[in-house]
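Participant: Going line by line, the protein sequences match chains A and B. So for the first sequence, this note's numbering puts the first residue at 237; every next one is plus one. So for the second sequence, this note's numbering puts the first residue at 237; every next one is plus one.
2 protein chains.
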Amino acid sequence: MATQTQPRAGARIPLSRDRVLRAAVGVADEGGVESLTMRHLAEVLGVEAMSLYYHVANKDDVLDGIVDVVAEEINDAVSQIVVPSKGADWKKAVRERILSARHVLLRHPWAPGVLETRTNMSSAVVRYYDGLLGLLRDGGFSYDVAHHALHALGSRALGFTQELFDPDDNDAGDEAATAMLEQMADELPYLIGMMREVAHVDPDSTLGWCDDQVEFEFGLDLILDGLDRLRATS
Amino acid sequence: MATQTQPRAGARIPLSRDRVLRAAVGVADEGGVESLTMRHLAEVLGVEAMSLYYHVANKDDVLDGIVDVVAEEINDAVSQIVVPSKGADWKKAVRERILSARHVLLRHPWAPGVLETRTNMSSAVVRYYDGLLGLLRDGGFSYDVAHHALHALGSRALGFTQELFDPDDNDAGDEAATAMLEQMADELPYLIGMMREVAHVDPDSTLGWCDDQVEFEFGLDLILDGLDRLRATS
DNA sequence: ACCTGAACACCGTTCAAGT
DNA sequence: ACCTGAACACCGTTCAAGT
């Protein structure tokens, strides 16, 4: 009776950005993203659609938010993995991390598709990639090769295709992204390290430094060479 | 003056499914899929939105159609490639075909995203995969390994992620798809051959025979092994 | 045969107004 | 501080009606 200001026993917990996003993830899990409308989301929360706008900016903000929630869930899962990753062990460590991410994504099959449409990058996603890059470094890869490796893994790393750092030739976006990463520097030791090294080699470069065609061919040739070896041994 | 029934010089060519789809591709190329609304499409064609429904069933039909138009464009492009593909030459042949497909897709960057959302499979896309499978067969791969190879190429084969033959555990869909493929048998010698062989080994299987987890791990390990070899030689 | 106008059920979103 | 009602500009789509 003395808890907060609820006049009824109907568990009148107030809305919050967090509660909205959690409900949104639930709606998407249940009926797919196409069922995630502001009006439906409000209904699930027992509230009018317009009330949502007090806690989130707009629908895009909701989509950014649910991607972040899922990426956080992945980070929680992979953070519980404790396996050696130094030297030759890098492969098992990367394999386990990626399969663990996939396992989470299977519960949110809509997530990769939504992730592809985001222009704002999720800080949780960036942290995930930083961890992956760290494992590659543990394996002894140079930043340059590790960078190619992330591209080669591509959709397999997080269940989606689009190149994470492909800002569509948008230099303003590049700079904003770079600034954002610099701000998270202590959370992203490897990505920052990679950027610094690239900046050292090519001072004019920003996050948009990579050549999509080159990365595509690198990944393609890696697969074709692997298949060719399979062919030779069969 | 004697051509058809045009009362004016304004090039009053009548609407047709083909013209609608071509215009739709143009709209998407210009402003992205999000700009492709029935009303806007009609405006571009100088017609009322409702007129479109005489030539296409609905918007989904338009999306199916524009995917098919692009896939046809890819098929035209790759059909002009003439390189040997027997034996060890398979790799160069596959490489060239895939890079050629990518080249076309760069002109229609919205296409992979739309392709992912389609539940009806495009016959042009299926024909593309049949050709790719043919090249793998030329290289001496068994149907079984070639099948894994297609999965491993995944998004790189056509610029999109989602497994082509993953009918979401929909058995009815599987059967419909299988029937559709059988009907195109003379156009799809390799896919049909693959299906027949699988049916021989496992009579109960349909197109849904493949285990997503197994295919994912196959492709992942191919990449990780390739990277590990790179690590060893550097 | 081909196209249209009016209408319906849905979107996301704004804004002034309620408590 | 938090929520809402009415309203707006957009969707896809149906259906009866025009030529």
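Here a beta-carbon is modelled for each residue, glycine too, at the ideal position from N, C-alpha and C.
1. Could you tell me if the beta carbon of B/V263 falls within a distance shorter than 7 Å of some heavy atom in the ligand SAH?
2. Is B/V206 close to chain A? Criterion is C-beta to C-beta, closer than 8 Å.
3. Quick one: using the 10 Å Cβ neighbour count with 16 as the cut-off for buried, is B/E270 buried or exposed?
4. Within this structure, are the beta carbons of B/F454 and B/H384 separated by less than 8 Å?
5. Does any C-beta atom of chain A lie closer than 8 Å to the C-beta of B/L251?
6. Do B/V361 and B/S336 count as a contact pair if the criterion is CB distance below 8 Å?
7. Excluding the 5 residues flanking B/I428 on each side, which residues of the same chain have their C-beta closer than 6 Å to its C-beta?
8. Which of the residues in the segment 370–382 of chain B, read from start to end, lie with their CB under 7 Å from any CB of chain A?
9. Between B/I459 and chain A, is the shortest Cβ-Cβ distance under 8 Å, so that the two count as touching?
10. Look up B/G376 in the DSSP assignment and say whether it is helix, strand or coil.
11. Can you pull the chain A neighbours of B/D447, defined as C-beta to C-beta under 8 Å?
12. Please list, in chain order, all residues of the same chain as B/G268 whose beta carbon is under 6 Å from its beta carbon, the five residues on each side excluded.
13. Starting from A/E423, trace the alpha helix (DSSP H) both ways and give me its first and last residue.
14. Our contact map puts B/L342 next to B/Y364 with C-beta atoms below 8 Å; I'd like the distance itself, whole angstroms only.
15. Sort B/L251, B/E279 and B/E433 by Cα distance to B/D380 and report the nearest one.
16. Return the CA-CA distance between A/L251 and B/T355, expressed in angstroms with no decimal places.
17. Could you have a look at B/L272 and say whether DSSP puts it in helix, strand or coil?
18. For a contact meaning CB atoms closer than 7 Å, what does A/D464 contact in chain B?
19. Quick one: give me the first and last residue of the alpha helix (DSSP H) that A/T353 is part of.
20. Could you tell me how far apart the beta carbons of A/L389 and B/I317 are, in whole angstroms, since I believe they sit closer than 8 Å?
21. Quick check: is the beta carbon of B/A307 nearer than 8 Å to any beta carbon in chain A?
22. Can you name the residues of chain A whose CB is closer than 9 Å to the CB of B/L351?
23. Within a Cβ cutoff of 7 Å, which residues of the same chain sit near A/K328, ignoring the five residues on either side of it in sequence?
24. With DSSP run on the structure shown, which of helix, strand or coil describes B/N311?
25. Are B/D300 and B/S358 close, meaning C-beta to C-beta below 8 Å?
26. Using a Cβ-Cβ distance cut-off of 8 Å, determine whether A/R392 contacts chain B.
27. Helix or strand or just coil, what does DSSP make of A/I478?
28. Please report whether the beta-carbon of B/A385 lies at a distance below 8 Å from any beta-carbon of chain A.
29. B/A388 CB to nearest chain A CB: under 8 Å?
30. From B/E451 to A/D265, what does the alpha carbon distance come to, in whole angstroms?
31. Alpha carbon to alpha carbon, what distance is there between B/R255 and B/E284?
32. With DSSP collapsed to three states, give me the class of B/E279.
33. Taking A/I334 as part of the alpha helix (DSSP H), name the residues at either end of that continuous run.
34. Once you ignore the five residues that flank B/D304 on each side, which residues in its own chain have a CB closer than 6 Å to its CB?
35. Would you check if the distance between the CB atom of B/V261 and the CB atom of B/I302 is smaller than 8 Å?
Facilitator: Let me lay it out:
1. The ligand SAH is not among the ligands present in this structure, which contains no ligands whatsoever.
2. Outside the displayed span of chain B (237 to 470) sits residue 206 of chain B, for which this structure offers no information.
3. The residue you call residue 270 of chain B lines up with position 34 of the second sequence. With fewer than 16 other Cβ atoms within 10 Å, it is exposed.
4. The residue given as residue 454 of chain B occupies position 218 in the second sequence. The residue given as residue 384 of chain B occupies position 148 in the second sequence. Against a cut-off of 8 Å, the Cβ pair of B/H384 and B/F454 comes out as a contact.
5. On the second sequence, position 15 is the one that residue 251 of chain B refers to. At a cut-off of 8 Å between beta-carbon atoms, B/L251 makes no contact with chain A.
6. The sequence position of residue 336 of chain B within the second sequence is 100, counting from 1. The sequence position of residue 361 of chain B within the second sequence is 125, counting from 1. No, they are not a contact pair.
7. In the second sequence, residue 428 of chain B corresponds to position 192, counting from 1. A421, listed in sequence order.
8. Taking 7 Å as the Cβ-Cβ cut-off against chain A, the residues of the segment 370–382 of chain B that qualify are G375, G376, F377 and V381.
9. For the purposes of this step, residue 459 of chain B is taken as residue 223 along the second sequence, with counting starting at 1. Residue contact with chain A for B/I459: present (Cβ-Cβ distance below 8 Å to some residue of chain A).
10. The residue labelled residue 376 of chain B in the question sits at position 140 within the second sequence. Look at B/G376 here: in three-state DSSP terms it is coil, with no helix or strand label.
11. Here residue 447 of chain B is taken as the residue at index 211 of the second sequence, counted from 1. Simply none; closest approach about 13 Å.
12. For this step, residue 268 of chain B is matched to residue 32 along the second sequence. So the list reads W346, once near-sequence residues are dropped.
13. Here the question's residue 423 of chain A lines up with position 187 in the first sequence. Unbroken run through A/E423: none, as it is neither H nor E.
14. The count along the second sequence starts at 1 and reaches residue 342 of chain B at position 106. The count along the second sequence starts at 1 and reaches residue 364 of chain B at position 128. With a Cβ gap of about 16 Å, B/L342 and B/Y364 do not count as contacting.
15. On the second sequence, residue 380 of chain B is found 144 positions in, with the first residue counted as 1. Among B/L251, B/E279 and B/E433, the Cα nearest to that of B/D380 is on B/E433.
16. Locating residue 251 of chain A in the first sequence gives position 15, where the first residue counts as 1. Locating residue 355 of chain B in the second sequence gives position 119, where the first residue counts as 1. Spanning the alpha carbons of A/L251 and B/T355 requires a straight line of approximately 37 Å.
17. Here residue 272 of chain B is taken as the residue at index 36 of the second sequence, counted from 1. Coil at B/L272, not helix or strand.
18. Within the first sequence, numbered from 1, the residue matching residue 464 of chain A stands at position 228. Result: K327.
19. Here residue 353 of chain A is taken as the residue at index 117 of the first sequence, counted from 1. Looking at the DSSP string, the run of the alpha helix (DSSP H) that includes A/T353 is A347 to T353.
20. Start at 1 with the first residue of the first sequence, and residue 389 of chain A comes out as number 153. Start at 1 with the first residue of the second sequence, and residue 317 of chain B comes out as number 81. About 28 Å separates the two Cβ atoms, so there is no contact after all.
21. To locate residue 307 of chain B, count along the second sequence from 1; it is residue 71. False, the Cβ-Cβ gap to chain A never drops below 8 Å.
22. For the purposes of this step, residue 351 of chain B is identified with residue 115 of the second sequence, where counting begins at 1. Taking a Cβ-Cβ threshold of 9 Å, none of the residues of chain A is close to B/L351; the smallest such distance is about 11 Å.
23. Translated into positions along the first sequence, residue 328 of chain A becomes position 92. Around A/K328: V319.
24. What you label residue 311 of chain B is simply residue 75 of the second sequence in a count that begins at 1. Of the three classes helix, strand and coil, the one that applies to B/N311 here is helix, per DSSP.
25. Numbered from 1 along the second sequence, position 64 holds the residue referred to as residue 300 of chain B. Numbered from 1 along the second sequence, position 122 holds the residue referred to as residue 358 of chain B. Pairing B/D300 with B/S358 gives a Cβ-Cβ distance under 8 Å.
26. Locating residue 392 of chain A in the first sequence gives position 156, counting from the first residue. It does: the Cβ of A/R392 has a partner Cβ on chain B nearer than 8 Å.
27. Beyond the ends of chain A as shown, which are 237 and 470, falls residue 478 of chain A; an answer cannot be given.
28. Looking up residue 385 of chain B in the second sequence gives position 149. At least one chain A Cβ lies under 8 Å of B/A385.
29. Reading the second sequence from its first residue, position 152 is the one you call residue 388 of chain B. Taking a beta-carbon distance threshold of 8 Å, B/A388 counts as an interface residue toward chain A.
30. Translated into positions along the second sequence, residue 451 of chain B becomes position 215. Translated into positions along the first sequence, residue 265 of chain A becomes position 29. Taking the straight line from one Cα to the other gives about 24 Å.
31. Numbered from its first residue, the second sequence carries residue 284 of chain B at position 48. Numbered from its first residue, the second sequence carries residue 255 of chain B at position 19. So the alpha carbons of these two residues sit roughly 15 Å apart.
32. For the purposes of this step, residue 279 of chain B is taken as residue 43 along the second sequence, with counting starting at 1. In the structure shown, B/E279 adopts helical secondary structure according to DSSP, grouped into three states.
33. Numbered from its first residue, the first sequence carries residue 334 of chain A at position 98. Taken as a continuous stretch (DSSP letters only), the alpha helix (DSSP H) holding A/I334 covers W326 to L341.
34. In the second sequence, residue 304 of chain B corresponds to position 68, counting from 1. Contacts found: S358 and A360.
35. Looking up residue 261 of chain B in the second sequence gives position 25. Looking up residue 302 of chain B in the second sequence gives position 66. The Cβ-Cβ distance between B/V261 and B/I302 falls below 8 Å.
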